[in-house]
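**Q** Just passing along the structure, written as structure tokens.
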Amino acid sequence: MKLSTKITVSLVLGIFFGAILNGFFPSAVPALDQYVLSPVGKGFLRIIQFVVVPIVFTSLIVGFLSIKNTEKVGRLTWKLLTLYIFTNIIALLIGMATASVLKPGAAVGDVGKLSAQEAPEGQGILDWLISIIPSNPFEAFSTGNLLQIIFTAILIIIGLRLAGDKGKPFLSFIESFHHIIEKITGVILKLSPIGVFALISSVIATQGFGLVQKLIMYILGLVLAIGIMLAAYSLILFVCKVSPARFWKSFSPTFGIAFGTASSNAALPVAIENAQRHFKMKDEIASFAIPLGTALKRDGACILQGFNALFVAQLFDVKLTPLLIATIMISSIVVSFSTAGVPGAGIIMMSTVLTAANLPLEGIAIVAGIDRLTDGFRTLLNVFGNTANAALLDQWERKAATKPFSKGKMTA
């Protein structure tokens, strides 16, 4: 049985198992979750996080330095950032349009409120920009701060290029370490169906579906917006001569882990492996674009922040003005780049957007209870967008490479 099939089966079984526990054996849930499901799930997340930092660091160095032309590195970076911003704007507009049409905030009764003093605080935009620069690179590695790790890797890449032959021993070490981490990742992935089963069972068993009934329009609207964005990506891939069916098939294990763990970081090692072995993406693109996208590309966060801001405005009868809408859009896009690739990060960053738009922070409490139920869908979109943008960049480069020899014919 293929890994993607095993992950899909474990997801379905986990949902059913969690629902049965919550519906028929509620008294057994606390002990079973505390001593079995939660430890197994957390253990899986920790062991897969074990390879995330070295994969990001070594992939970027190996990927960047495999591109001998410095001008090409800059070109790839600007192409990728252009794709990120373009697709982020599409995701944000879809999220806000869905909330405007369905009006989920108007359908919610008195679910409960949280005082503004108790609302979690997000990081300011300027503080976030400054925090990308690590004061201690070893601290960046120990805390798993991917943006700081990427910044460190870029500085080392510059140093290696300037060092010339004297930097080759270090580069050989990095390449060897990269291959070792890839082998370790292959072993860890064999445990993924067990980890995914435990994680999804824990969520369903402990949270149940009580709050879902009160916020059904909110959940349906958010999932619908995510589904529309997935369809938009499939259309973009098709128009750019990349087979959506082949793309889905190649990355299905990645999407399964993303949904089950609600962590873009956890899906990173699988995404790189799927890109290189199954999708046949150029190694230099896969090892460069996917780690960068894991740290920056958050279509799910864009949809969440735009959707939630309008949800809160509807909930508290705040009139939408052009200035308010513009503030929501700008802050949502910036915040999406700074959202961590771990479960629950989107809700924490929600306070930044609400504060920027001068919307009540009390709305955070209403959606916080069901955040984990929708987090898997958003993470799936985050990872889908990351890998899709890498595939588009790969196709973009292939088209550019064939231009001198043909009349722009693209290869899928």
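Under UniProt numbering, the sequence shown is numbered contiguously, ending at residue 412.
For each residue, glycine too, the CB sits at the ideal point set by N, CA and C.
(1) By Cβ distance, which residues of its chain are closer than 7 angstroms to Gln276, with the 5 residues on each side in sequence left out?
(2) Check whether the Cβ atoms of Ile150 and Ala295 lie closer than 7 angstroms to each other.
(3) Could you spell out the range, first to last residue, of the alpha helix (DSSP H) harbouring Pro30?
(4) Does the beta-carbon of residue 417 have 16 or more other beta-carbons within 10 angstroms, so that it is buried, or is it exposed?
(5) Starting from Leu189, trace the alpha helix (DSSP H) in both directions and tell me its first and last residue.
(6) What does a CB cutoff of less than 8 angstroms around Ile333 pick up in its chain, not counting 5 residues either side in sequence?
(7) Look at Phe279 and Ser234 and say whether their C-beta atoms are less than 7 angstroms apart.
(8) Taking all protein chains shown into account, decide if Glu71 is buried (16 or more other Cβ within 10 angstroms of its Cβ) or exposed.
(9) What whole-angstrom Cβ distance do Leu45 and Ala266 have, given they're in contact under 8 angstroms?
(10) For Ala309, name the three-state secondary structure that DSSP assigns.
(11) Report all residues from its chain with a CB closer than 8 angstroms to the CB of residue 420; omit the five preceding and five following residues, and keep chain order.
(12) Which residue spans inside the region 245-283 form an unbroken alpha helix (DSSP H) run of at least 4?
(13) Within 10 angstroms of the Cβ of Asn308, are there 16 or more other Cβ atoms? Answer buried if so, exposed if not.
(14) If I'm right that Leu393 touches Leu81 with Cβ under 8 angstroms, what's the distance once you round it to whole angstroms?
(15) How do the region 12-24 and the region 197-207 stand: do at least 3 beta-carbon pairs fall below 8 angstroms, yes or no?
(16) For Ile328, tell me which candidate among Ser336, Ala356, Ala271, Phe316 has the shortest Cα-Cα distance.
(17) Which two residues bound the contiguous alpha helix (DSSP H) that contains Leu224?
**A** In this structure, then:
(1) Asp283, Ala286
(2) yes
(3) 29-32
(4) No answer is possible for residue 417: the residues shown for the chain start at 1 and end at 412.
(5) 168-189
(6) Ile85, Asn88, Ile89, Leu92, Cys302
(7) no
(8) exposed
(9) Yes, they are in contact, since the Cβ atoms of Leu45 and Ala266 sit about 6 angstroms apart, within 8 angstroms.
(10) If DSSP states are grouped into helix, strand and coil, Ala309 belongs with the helices.
(11) Absent from the model: residue 420. The displayed extent of the chain is 1 to 412, so no value can be given.
(12) Unbroken alpha helix (DSSP H) runs of no fewer than 4 residues, entirely contained in the region 245-283, are found at 264-277, following chain order.
(13) buried
(14) No, Leu393 and Leu81 are not in contact; Cβ-Cβ is about 10 angstroms, not under 8 angstroms.
(15) yes
(16) Ala356
(17) 216-239
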